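K.L.:
Per numbering that gives the first Met the number 0, the very first residue in the sequence shown carries number 0; after that it's consecutive.
Backbone N, C-alpha and C define an ideal beta-carbon position, used for all residues, glycine too.
Owing to the predicted nature of the structure, the values given are computational and were not obtained by experimental measurement.
One structure follows; several queries about it will come next.
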Amino acid sequence: MAAAPPPKADELQPHPPKEQLPSVSFCITSPPPWPEAVILGFQHFIVMLGTTVIIPSALVPQMGGGNEEKARVIQTLLFVAGINTLLQTFFGSRLPVVMGGSYTFVAPTISIILAGRYDNEADPHEKFLRTMRGTQGALIIASTIQIILGFSGLWRNVVKLLSPLSAVPLVSLVGFGLYELGFPAVAKCVEIGLPELILMVAFSQYLPHVLHSGKGVFGRFSVLFTVSIVWLYAYILTISGAYKNVRPKTQAHCRVDRSGLIGGAPWISVPYPFQWGAPTFDAGECFAMMMTSFIAIVESTGAFIAASRYASATMIPPSIVSRGIGWQGIGILLDSFFGTANGTSVAVENVGLLAVTHVGSRRVVQISAGFMIFFAVLGKFGALFASIPLPIFAGMYCVFFAYVGACGLSFLQFCNLNSFRTKFILGFSFFIGISVPQYFNEYASVSGHGPVHTGARWFNDMINVPFSNKPFVAGLVAYFLDNTMHLHQSAVRKDRGYHWWDKFRSFKKDARSEEFYSLPFNLNKFFPSV
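Below, the structure is given as structure tokens:
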């Protein structure tokens with residue numbers, strides 16, 4: 000039997016590194032046709048609803064609020080998210096990112112809810128109002144850390160030392176670190192969560208390659224197709240009585256009529272600043288919320304980097320990251336004024352949606368912000384979409400968070416993977432980034448409090464919250480090791496891929512930075528990027 004011919008020389012060459020992601024249909028500056036852009040914008044709106052509903056649904060009942068308060072908080076969070084998304088896409092990082100609610104802020108908010116000074120309030124509604132004002136005060140102070148670090152350029156100096164190697168654990172765990180919101184949430188109602196997950200993979204990955212006609216439609220609009228099918232299926236199960244005799248918890252996750260949002264939402268209502276009353280301030284809670292705000296800076300930096308990749312832009316310059324963080328701080332300030340009981344950060348799921356659709360257009364996300372504001376004002380219609388069962392969102396998250404995590408791994412193309420230094424920094428930061436938060440979270444689930452448990456709840460949060468956050472721990476470890484280990488060796492700079500991002504460390508070194516990230520309306524003349 001004849002031996003196989005030897006491989007050609009070019010077949011043995013590794014894939015060349017790419018500064019911009021190829022195969023993106025519409026990049027950051029190239030919008031799709033208007034009809035398509037509107038539908039894609041609506042899709043982004045649907046995706047961000049999951050987090051917008053999950054966080055208030057968890058917090059408002061603990062604060063003493065009922066369905067009416069929950070609907071109003073969701074409405075307010077949606078309204079402010081629309082404003083913050085417009086501010087970020089026009090004046091901030093200019094990336095196609097949705098600025099939504101953040102899970103990072105949940106722990107210190109729960110600490111405010113459990114603070115002893117609200118225990119003597121017998122009226123649940125009054126307790127809700129007092130607790131909300133407490134969160135508003137803490138968020139006002141917390142926003143200052145992002146505004147100062149962002150607009151002063153201090154965060155730019157931190158990001159300048161980031162290399163592709165230290166970015167890998169940070170960006171990867173911004174996606175992979177949210178695994179608890181994936182299949183564990185799907186399994187809460189597996190009969191609707193699992194079909195959504197399977198259909199999402201089929202529509203986005205298989206159908207576009209199997210069908211000859213209209214193949215781009217199924218991949219690009221996979222969210223709308225799959226959510227419509229599974230939501231209808233969940234509705235049929237609900238009205239047919241499939242959940243009549245199951246536990247209340249299962250009914251809450253599976254039924255389409257258990258959220259209480261449609262009944263609690265007004266037909267038309269415009270959220271306004273200080274609608275819950277004047278904010279109140281507590282020094283300890285403000286410190287804890289400031290620490291959380293710093294963690295949100297780190298997470299959003301990783302999400303900005305992933306969004307720049309999936310928008311087929313060049314690496315985002317440090318000065319633009321810093322500008323984006325400054326505007327995110329203004330977003331948290333708006334959250335505190337309006338009273339959302341939560342802070343703002345980049346919606347990771349919407350970054351994953353950029354990858355699913357292959358559309359990284361800025362205009363699409365700006366259109367989605369319009370939908371957020373529109374449906375926040377028209378309360379009943381917004382509540383209709385917000386009543387989609389949460390396991391359906393969890394099925395989509397399995398795909399979106401996986402894409403964001405994979406984006407982090409893709410930066411390994413710039414690193415030397417045959418270097419022991421690279422292997423150690425990579426492996427150790429991933430391992431510690433998963434292992435340390437696992438210990439903190441496991442301890443909290445068993446004991447009801449974190450490993451640091453003093454009489455000062457705010458101090459506990461300042462230690463427990465950062466070390467329970469996977470991207471923060473992994474990013475911190477990788478950043479420290481990469482900037483301290485063996486830097487005197489000449490090969491290290493190349494091994495860590497630092498030279499690949501040299502031209503993007505200054506805004507003016509590469510002409511493409513100006514194309515992708517410069518401010519509109521000639522504002523760069525007044526606010527130059529460096």
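#1: Less than 8 Å separating the beta-carbons of Phe400 and Phe175?
#2: May I have a chain-ordered list of the alpha helix (DSSP H) segments no shorter than 4 residues that lie completely inside the region 131-206?
#3: Are the beta-carbon atoms of Gly64 and Ala80 separated by less than 8 Å?
#4: Give the DSSP-derived three-state secondary structure of Ser110 in the structure shown.
#5: Terminal residues of the continuous beta strand (DSSP E) containing Gly99?
#6: Count the C-beta pairs between the region 72-92 and the region 268-277 that are closer than 8 Å, then say yes if the count reaches three, no if not.
#7: Could you give the residue range of the beta strand (DSSP E) that holds Val345?
#8: Rounded to a whole number of angstroms, what is the C-alpha to C-alpha distance between Phe373 and Ile304?
#9: In chain order, what residues of the same chain lie with their CB nearer than 8 Å to the CB of Phe532, ignoring the 5 residues before and after it?
#10: Near Met314, what residues of its chain come up, given a Cβ to Cβ distance below 6 Å and the 5 sequence neighbours on each side ignored?
#11: Would DSSP call Phe25 helix, strand or coil?
#12: Between the Cα of Phe290 and those of His448, Thr103 and Val96, spot the shortest distance and give me the residue it belongs to.
#13: At which residues does the alpha helix (DSSP H) containing Trp275 begin and terminate?
#14: Kindly identify the DSSP beta-bridge partner or partners of Val358.
#15: To the nearest angstrom, how far is the alpha carbon of Val37 from that of Lys379?
#16: Looking at the secondary structure, which residues open and close the alpha helix (DSSP H) in which Asn468 lies?
#17: So is Met199 buried or exposed if we call it buried at 16+ other beta carbons inside 10 Å?
#18: Locate the alpha helix (DSSP H) running through Leu39, then write down its first and last residues.
#19: Excluding sequence positions up to five away, which residues of its chain have a Cβ less than 6 Å from the Cβ of Asn541?
#20: For Gln488, does the count of other Cβ atoms within 10 angstroms reach 16, so buried, or fall short, so exposed?
#21: What are the complete beta strand (DSSP E) segments, minimum 3 residues, inside the region 479-528?
#22: How would you label Ala354, buried or exposed, when you count the other beta carbons within 10 angstroms and need 16 or more for buried?
#23: Could you tell me whether the Cβ atoms of Ile191 and Pro390 are closer together than 8 Å?
#24: Considering only their Cβ atoms, is the gap separating Gly149 from Gly531 smaller than 8 Å?
#25: Only counting the same chain, and skipping five residues up and downstream in sequence, which positions put a Cβ closer than 7 Å to that of Leu138?
#26: Give a yes or no on contact between the region 427-439 and the region 124-141, applying the rule of three or more CB pairs nearer than 8 Å.
#27: Between the region 382-397 and the region 163-174, can you find at least three pairs of beta-carbon atoms closer than 8 Å?
#28: Where in the region 300-346 do unbroken runs of the beta strand (DSSP E), each at least 3 residues long, occur, reported from the N-terminal end onward?
#29: Locate the alpha helix (DSSP H) running through His252, then write down its first and last residues.
#30: Less than 8 Å between the CB atoms is what I'm expecting for Ile387 and Val226, so what's the real figure, rounded?
#31: Could you name the residues of the same chain whose beta carbon sits closer than 8 Å to that of Met461, not counting the 5 residues immediately before and after it, in chain order?
#32: Quick one: is His252 buried, meaning 16 or more other Cβ sit within 10 Å of its Cβ, or exposed?
#33: Just the Cα atoms here: how many angstroms apart are Ile319 and Phe337?
#34: Please identify the residue among Thr356, Pro168 and Leu169 whose C-alpha is closest to the C-alpha of Val216.
#35: Between Met47 and the rest of its own chain, which residues show a CB-CB distance below 8 Å, the 5 nearest in sequence each way excluded?
#36: Can you tell which of Arg361, Cys414 and Phe479 has its C-alpha closest to the C-alpha of Ser92?
P.N.:
If we stick to the structure as given:
#1: Counted from its first residue, the sequence shown places residue 400 at position 401. Counted from its first residue, the sequence shown places residue 175 at position 176. Taking 8 Å as the Cβ cut-off, Phe400 and Phe175 qualify as a contacting pair.
#2: Contiguous alpha helix (DSSP H) elements confined to the region 131-206 occur at 153-158, 163-175, 182-185 and 189-200, taking only those with 4 or more residues.
#3: The sequence position of residue 64 within the sequence shown is 65, counting from 1. The sequence position of residue 80 within the sequence shown is 81, counting from 1. In this structure, Gly64 sits away from Ala80, with a CB-CB distance that is not shorter than 8 Å.
#4: Counted from its first residue, the sequence shown places residue 110 at position 111. Helix at Ser110.
#5: Against the sequence shown, residue 99 aligns to sequence position 100. Gly99 -> beta strand (DSSP E) spans Met98 to Gly100.
#6: Two segments are said to touch when three or more pairs of C-beta atoms, one from each, lie closer than 8 Å; by this definition the region 72-92 touches the region 268-277.
#7: Locating residue 345 in the sequence shown gives position 346, where the first residue counts as 1. Unbroken beta strand (DSSP E) run through Val345: Thr343 to Val345.
#8: Position 374 of the sequence shown, counted from the first residue, corresponds to residue 373. Position 305 of the sequence shown, counted from the first residue, corresponds to residue 304. Their Cα atoms are separated by approximately 29 Å.
#9: Lying outside 0 to 529, the shown extent of the chain, residue 532 is not represented and no answer is given.
#10: Within the sequence shown, residue 314 is the residue found at index 315, counting from 1. Closer than 6 Å at the Cβ level, and outside the excluded window around Met314, lie Trp500 and Phe503.
#11: For the purposes of this step, residue 25 is identified with residue 26 of the sequence shown, where counting begins at 1. DSSP places Phe25 in strand when its eight states are reduced to three.
#12: Looking up residue 290 in the sequence shown gives position 291. Note on residue identity: the sequence assigns Met, not Phe, to residue 290. For Met290, the nearest C-alpha among the options comes from Thr103.
#13: The sequence position of residue 275 within the sequence shown is 276, counting from 1. Unbroken run through Trp275: none, as it is neither H nor E.
#14: Here residue 358 refers to the residue found at position 359 of the sequence shown. Looking at the DSSP assignment, Val358 forms a beta bridge with Phe25.
#15: Position 38 of the sequence shown, counted from the first residue, corresponds to residue 37. Position 380 of the sequence shown, counted from the first residue, corresponds to residue 379. Each residue's Cα considered, the two are about 21 Å apart.
#16: Taking the sequence shown and counting its residues from 1, the one referred to as residue 468 is at position 469. Counting along the chain, Asn468 sits inside no alpha helix (DSSP H), nor does DSSP assign it H or E at all.
#17: Position 200 of the sequence shown, counted from the start, is the residue given in the question as residue 199. With 16 or more other Cβ atoms within 10 Å, it is buried.
#18: The residue labelled residue 39 in the question sits at position 40 within the sequence shown. Looking at the DSSP string, the run of the alpha helix (DSSP H) that includes Leu39 is Trp33 to Met62.
#19: What the structure shows of the chain is the stretch from 0 to 529, and residue 541 is not part of that stretch, so it cannot be assessed.
#20: Indexing the sequence shown from 1 puts residue 488 at position 489. Taking all protein chains shown into account, Gln488 has fewer than 16 neighbouring C-beta atoms within 10 Å of its C-beta and is therefore exposed.
#21: Taking only runs of at least 3 residues, no beta strand (DSSP E) segment lies wholly in the region 479-528.
#22: Against the sequence shown, residue 354 aligns to sequence position 355. That one is buried.
#23: In the sequence shown, residue 191 corresponds to position 192, counting from 1. In the sequence shown, residue 390 corresponds to position 391, counting from 1. Judged by beta-carbon spacing, Pro390 lies within the 8 Å limit of Ile191, meaning their Cβ atoms are closer than that value.
#24: Nothing about residue 531 can be read from this structure; the chain reaches only from 0 to 529.
#25: Here the question's residue 138 lines up with position 139 in the sequence shown. Result list for Leu138: Met288, Ile331, Asp334, Ser335 and Gly342, in chain order.
#26: In short, these stretches do not touch, since the Cβ pair count stays below three.
#27: The way I'd put it, the region 163-174 doesn't touch the region 382-397; fewer than three beta-carbon pairs between them come closer than 8 Å.
#28: Counting only runs of 3 or more residues that sit fully inside the region 300-346, the beta strand (DSSP E) segments are 343-345, in chain order.
#29: Taking the sequence shown and counting its residues from 1, one reaches residue 252 at position 253. From DSSP, the alpha helix (DSSP H) with His252 extends over Pro247 to Cys253.
#30: Indexing the sequence shown from 1 puts residue 387 at position 388. Indexing the sequence shown from 1 puts residue 226 at position 227. A Cβ-Cβ distance of about 7 Å is found for the pair Ile387 and Val226, placing them in contact under the 8 Å criterion.
#31: Looking up residue 461 in the sequence shown gives position 462. Excluding its 5 nearest sequence neighbours in each direction, Met461 has C-beta neighbours in its own chain below 8 Å: Phe286, Ala287 and Met290, listed in chain order.
#32: Within the sequence shown, numbered from 1, the residue matching residue 252 stands at position 253. Label assigned to His252: buried.
#33: Residue 319 sits at position 320 when you count from the first residue of the sequence shown. Residue 337 sits at position 338 when you count from the first residue of the sequence shown. Going by the C-alpha atoms only, they are around 27 Å apart.
#34: As a first step, residue 216 is located in the sequence shown; it is residue number 217 there, counting from the start. Shortest Cα-Cα distance from Val216 to any of Thr356, Pro168 and Leu169 involves Thr356.
#35: Position 48 of the sequence shown, counted from the first residue, corresponds to residue 47. Within the same chain, Met47 has close Cβ partners Ala80, Val97, Gly99, Ala346, Glu348, Asn349, Ser367 and Met371.
#36: Locating residue 92 in the sequence shown gives position 93, counting from the first residue. Sorting Arg361, Cys414 and Phe479 by C-alpha distance to the C-alpha of Ser92 places Arg361 at the top.
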